Amino acid sequence: MRDAYIVTSIRTPGCKRSKGAFKDTRPEDLLSFILNAVVEKTKGLEKKDVEDIMIGCSFPEAEQGLNIGRIASQIAGFPMDVTGATVNRFCASGLEAIAQSALRVMSGWSDIVIGGGLESMTYVPLGGNLPRPHPEYTQKMADLYASMGITAENVANRYDVSRQAQDEFAYQSQRKAAEAKNKKLFKEIVATPATRYSVQKDGTYKKETFLQDYDDGIREDTTLEGLANLNPVFAAGGSVTAGNSSQMTDGAAASVIMSEGKLKALGVKPVAKFKFYTTVGCKPDEMGIGPALAIPKLMKLAGMDLKDIGLFEINEAFASQALYCIDKLGIDQQKVNIHGGAIALGHPLGCTGAKLCATLLSNMQQRGVKYGVESMCVGGGMGAAALLELIE
Ligand SMILES: CC(C)(COP(=O)(O)OP(=O)(O)OC[C@H]1O[C@@H](n2cnc3c(N)ncnc32)[C@H](O)[C@@H]1OP(=O)(O)O)[C@@H](O)C(=O)NCCC(=O)NCCS
Numbered sequence: 348m349r350d351a352y353i354v355t356s357i358r359t360p361g362c363k364r365s366k367g368a369f370k371d372t373r374p375e376d377l378l379s380f381i382l383n384a385v386v387e388k389t390k391g392l393e394k395k396d397v398e399d400i401m402i403g404c405s406f407p408e409a410e411q412g413l414n415i416g417r418i419a420s421q422i423a424g425f426p427m428d429v430t431g432a433t434v435n436r437f438c439a440s441g442l443e444a445i446a447q448s449a450l451r452v453m454s455g456w457s458d459i460v461i462g463g464g465l466e467s468m469t470y471v472p473l474g475g476n477l478p479r480p481h482p483e484y485t486q487k488m489a490d491l492y493a494s495m496g497i498t499a500e501n502v503a504n505r506y507d508v509s510r511q512a513q514d515e516f517a518y519q520s521q522r523k524a525a526e527a528k529n530k531k532l533f534k535e536i537v538a539t540p541a542t543r544y545s546v547q548k549d550g551t552y553k554k555e556t557f558l559q560d561y562d563d564g565i566r567e568d569t570t571l572e573g574l575a576n577l578n579p580v581f582a583a584g585g586s587v588t589a590g591n592s593s594q595m596t597d598g599a600a601a602s603v604i605m606s607e608g609k610l611k612a613l614g615v616k617p618v619a620k621f622k623f624y625t626t627v628g629c630k631p632d633e634m635g636i637g638p639a640l641a642i643p644k645l646m647k648l649a650g651m652d653l654k655d656i657g658l659f660e661i662n663e664a665f666a667s668q669a670l671y672c673i674d675k676l677g678i679d680q681q682k683v684n685i686h687g688g689a690i691a692l693g694h695p696l697g698c699t700g701a702k703l704c705a706t707l708l709s710n711m712q713q714r715g716v717k718y719g720v721e722s723m724c725v726g727g728g729m730g731a732a733a734l735l736e737l738i739e
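Note that the numbering used here has the sequence shown beginning at 348, numbered continuously upward.
Below, the structure written as structure tokens:
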């Protein structure tokens, strides 16, 4: 198999569902912007050179529905013969899209593919607009449709992850994110046009555009006391709160993936190799343990050991599950989510895998780390993980 190189990997800021900067920005606009930006940032690349665009989206319906990969690429002005697809593996969708793009390059079927992700949780809510679980099957396997918050409670209860430990983890996520924001370390963010509607004197609304260049969910004033005072939101007497859960967020991200031949032809310098990707299933009612299964499977596939990995991005769907996975694998917390995770920065479902790829690569470059792992749990009971190798 050939190598697949990631040349550029970027993201929009992550902004709070319904309250944040992108609440009036249509998902097609977020995605077409980041697709344009990723081409612009790849000097030597033209839109006509791209063969396919694969976009992860967890709830591909309504404004982000039909085939958003194709629609947004046409809005972005890619030529008609550049194709587009939508990929869904819930919270791993963005990573799945990048992995499928990399596979296309590795197999020799394509030379340049864009993989990315999108979710507007403002426009399309978690669970979709009209969930329709199978009437008979739900009686046998209701857990397949379980609330993600309940699965987080299950992990906390079954594996003894205390409320205090969850809150401490959430506090650290907020602290690290605030510090990284203040030091301007989120180099992978591209300032993104956002829409707002302002009321005019005559009572009509005017559509305006402003630039958003930071993640607006970070709560710099978070304290352990403040977190401890929050009530559980998913189960009476439970431990999962608004403070130790991932935030619901709007965002988009994209990566350009190329073969070695095209790197040379276009004179482009790659950032990393996309080395390995794997997925694994687990019980749906404790889907949060996914990374604890997927990461060892990835290491076996790569013939590597966890101690070879310099940095991890493990999605913080909930503090209970992220903490369980980190402890179970015995990973040094100093190597995980060094600029905070989804508790502070948000988890725009189908975008997250592509967003974490951009963040991980930026952090690997900043720290000079050769091997990085990205992983997440996935609704329905799965884990996904990928290995990236920085090009010196
Ligand atoms: C938990 C959840 C229901 C909370 O939703 P929400 O009420 O919209 O959350 P918010 O972030 O607006 O927080 C609500 C309140 O909690 C409090 N709060 C949240 N974070 C806090 C913190 N770090 N410190 C102190 N208080 C905090 C605040 O009072 C806040 O209200 P405010 O914004 O008006 O100050 C929602 O974030 C959720 O469902 N998350 C999980 C999403 C999910 O399942 N994703 C898939 C995973 S697989």
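Note that the Cβ used here is the ideal one computed from N, Cα and C, for glycine as well.
Here the structure is a predicted model, which means the values were calculated and not measured.
Buried/exposed call for TYR671, threshold 16 Cβ in 10 Å:
buried
Would you decide whether HIS694 is buried or exposed? Buried here means 16 or more other CB atoms lie within 10 Å of its CB.
buried
Pick out the complete alpha helix (DSSP H) segments inside the segment 453 to 530, 4 residues or longer, and give them in chain order.
484 to 487, 495 to 505, 510 to 529
Please classify PRO374: is it buried, with 16 or more other beta-carbons within 10 angstroms of its beta-carbon, or exposed?
buried
Is GLY730 near THR626, with beta carbons less than 8 Å apart?
yes
Following a CB-centred definition, is GLY566 positioned closer than 7 Å to any heavy atom of ligand 1?
In the sequence as presented, Gly is not what sits at residue 566; that position holds Arg. ARG566: yes, Cβ under 7 Å from ligand 1.
In whole angstroms, what separates the C-alpha of GLN594 from that of MET488?
27 Å
The beta strand (DSSP E) that contains CYS724, what's its start and end?
718 to 725
How big is the Cα-Cα spacing for GLN681 and GLY391?
37 Å
Determine the burial state of ALA733: buried for a count of at least 16 other Cβ atoms within 10 Å of its Cβ, exposed for fewer.
buried
Compute the minimum distance between the beta carbon of CYS672 and the heavy atoms of ligand 1, and state whether it is under 7 Å.
no
If you measure from the CB of HIS686, is any heavy atom of ligand 1 nearer than 7 Å?
no
Between the Cα of ALA323 and the Cα atoms of LEU676, ARG436, VAL720, ALA612, which residue gives the shortest distance?
The first residue shown for the chain is 348 and the last is 739, placing residue 323 beyond what the model contains.
At a cut-off of 7 Å, is HIS481 close to ligand 1 when judged by its beta-carbon and the heavy atoms of the ligand?
no
Specify the secondary structure class of GLN559 as computed by DSSP and reduced to three states.
strand
From ALA599 to SER467, what distance separates their C-alpha atoms?
8 Å
ARG505 and SER586: beta carbons closer than 8 Å?
no
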